[in-house]
Amino acid sequence: MPSANATYTSDHPNHPLHRLTPEQIDEIGVAFQAIHDEVRADLGDRDAEYIRSLIQFHRRLGALSRIVLMASRYPPAWLLGTTGLSVAKILENMEIGHNVLHGQWDWMNDPNIHSSTWDWDTASTSASWKHSHNYLHHTYTNVVGKDKDVGYEIMRVDPKQDWEPRFLAQPVVNVLLMLLFEWGVAFHDMDIEAIRKGEKPISALKEDLKGVAYKGGRQIIKDYIAFPALSGRKGFKKTLYANITANLVRNVWSNAIIFCGHFPDQAYTFTEEEAADESQGAWYIRQLLGAANIDGSDTFHLMSGNLSYQVEHHLFPDMPSSRYKEIAPKVKAICEKYELPYNTGPFLQQWLMVQRTILRLAFPGGEPRPKSPPYVAPPEVHKPGPVVHSVAGPIPAFP
1 MPSANATYTS DHPNHPLHRL TPEQIDEIGV AFQAIHDEVR ADLGDRDAEY IRSLIQFHRR
61 LGALSRIVLM ASRYPPAWLL GTTGLSVAKI LENMEIGHNV LHGQWDWMND PNIHSSTWDW
121 DTASTSASWK HSHNYLHHTY TNVVGKDKDV GYEIMRVDPK QDWEPRFLAQ PVVNVLLMLL
181 FEWGVAFHDM DIEAIRKGEK PISALKEDLK GVAYKGGRQI IKDYIAFPAL SGRKGFKKTL
241 YANITANLVR NVWSNAIIFC GHFPDQAYTF TEEEAADESQ GAWYIRQLLG AANIDGSDTF
301 HLMSGNLSYQ VEHHLFPDMP SSRYKEIAPK VKAICEKYEL PYNTGPFLQQ WLMVQRTILR
361 LAFPGGEPRP KSPPYVAPPE VHKPGPVVHS VAGPIPAFP
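Here is the structure:
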């Protein structure tokens with residue numbers, strides 16, 4: 001068995017992708033595909049009810065928060081309305097918008113909840129986000145040079161990335177990206193690197209800018225002009241600050257969840273050669289190794305858009321997110337059988353790992369961090385029920 005906490009470079013013999021035989025890789029592909037197909041065949045009313053109920057709850061919460069903020073000049077109303085609006089925006093972006101645009105609910109054939117028609121509450125257009133995220137990121141996950149989400153083209157988050165002097169500023173860039181995450185994503189979709197290299201025509205850039213200007217302009221008018229105006233002259237500034245606060249909260253939270261799912265120490269990155277001509281099984285293994293989960297409660301998972309199950313999401317991006325918790329034990333069982341890691345950890349631990357990496361790799365050098373050992377299921381803990389004490393010793397009260 002590979003040793004725990006080893007630092008495996010891509011050419012190390014115990015690197016999981018290279019340690020497995022072609023036959024094992026194919027078996028793993030079949031096993032993961034079986035999980036996908038089993039859930040797909042079981043989708044039905046309870047799944048549809050989940051997403052419809054969540055959308056209804058989000059809309060009611062958002063509307064109620066907006067109404068409360070019409071009295072935002074009173075501190076209790078400001079606090080209550082801002083909190084509700086922050087939660088509504090997080091739910092809309094994370095559990096609803098992100099997942100609907102992945103096509104997770106397309107099987108319902110509901111034109112109002114479909115990846116081809118959904119528009120979400122953010123500056124990025126749905127079309128550009130689906131291309132850069134659904135296609136590029138989920139196809140080339142953690143392939144340095146292919147996956148534009150590795151550092152979002154503005155930061156160095158892996159030693160495989162060549163160091164440049166501009167990375168010295170990335171601790172500051174990192175904070176700005178947290179605060180302005182929706183705008184960072186919107187401009188990231190334009191493929192900044194291709195523009196810098198002259199690989200993207202100016203005409204395509206102009207079209208992208210038009211899309212961001214239109215969508216971003218609508219967001220600015222909605223949050224910073226129209227809704228504050230409903231609070232009247234006396235409440236305009238307070239409601240404006242409430243909307244700014246809600247957007248900042250949503251941006252920082254979504255940034256933290258996404259970074260924790262991709263950049264902690266446990267996550268592997270890959271070379272273009274490793275991902276070339278890969279089989280279905282190898283693709284599944286790369287998704288498994290390149291993602292990391294975050295431990296938490298059901299409420300935490302909901303507020304993260306179930307991206308706290310980032311491993312399951314990358315294995316099955318088109319599977320309804322509400323099913324990730326259900327299939328997690330099956331994914332772990334495959335990991336244990338083939339001595340593969342199942343990357344996960346507490347939120348604070350994962351987040352601090354990411355911040356350390358961003359700070360360290362702002363400077364030249366850097367080495368791959370230790371990776372997780374193969375997954376081993378924890379021993380079952382038997383919790384005895386109440387006992388009755390007797391001369392012969394304790395006996396179960398309810399045998």
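Okay, so the sequence shown: first residue is 1 according to UniProt numbering, each after it adds one. We put the beta carbon where it would ideally sit given N, CA and C, even for glycine.
Use the C-beta contact count for residue i: other C-beta atoms within 10 angstroms, 16 or more gives buried, fewer gives exposed.
i    : result
V381 : exposed
R356 : exposed
A169 : exposed
E199 : exposed
K222 : exposed
W122 : It is Thr, not Trp, that sits at residue 122 in the sequence shown. Classification for T122: buried.
M1   : Unreliable placement is indicated for M1, whose pLDDT of 41 sits below 50; no coordinate value is reported for it.
I257 : buried
H389 : exposed
L176 : exposed
F181 : buried
K89  : buried
I25  : buried
R66  : buried
F57  : exposed
Y214 : exposed
How is residue i classed by DSSP in three states: helix, strand or coil?
i           : result
F300        : helix
I96         : helix
P16         : helix
residue 400 : What is shown of the chain runs 1 to 399, which leaves residue 400 out entirely.
I202        : helix
F270        : strand
I395        : strand
V143        : strand
T357        : helix
P75         : helix
V387        : strand
P329        : helix
D223        : helix
D295        : strand
P364        : coil
P346        : strand
K215        : helix
V150        : coil
M155        : coil
E207        : helix
H102        : coil
F316        : coil
A123        : coil
Y338        : coil
Given a cut-off of 9 Å, decide if residue j and residue i are closer than it, judged by their beta-carbon atoms.
i    : j    : result
I195 : V173 : no
V157 : E272 : no
V150 : A186 : no
N306 : N343 : no
K146 : Y152 : no
A242 : L69  : yes
E339 : P368 : no
M190 : L209 : yes
Between which two residues does the alpha helix (DSSP H) harbouring residue i extend?
i    : result
G290 : 280-290
D47  : 45-68
T239 : 232-262
I28  : 22-42
W129 : 126-129
P171 : 170-179
E380 : Looking at the DSSP string, E380 is not in any alpha helix (DSSP H), and its letter there is neither H nor E.
A194 : 192-196
Using only the heavy atoms of the ligand GTP, determine whether one of them is closer than 8 Å to the beta carbon of residue i.
i    : result
A186 : This structure lacks the ligand GTP, and indeed carries no ligand of any kind.
Touch test, the segment 80-87 against the segment 246-263, Cβ-Cβ under 8 Å, three pairs minimum: yes
Does the segment 101-115 come close enough to the segment 285-301 to have 3 or more Cβ pairs within less than 8 Å? no
Report yes or no: do three or more beta-carbon pairs, one from the segment 23-33 and one from the segment 88-97, lie closer than 8 Å? no
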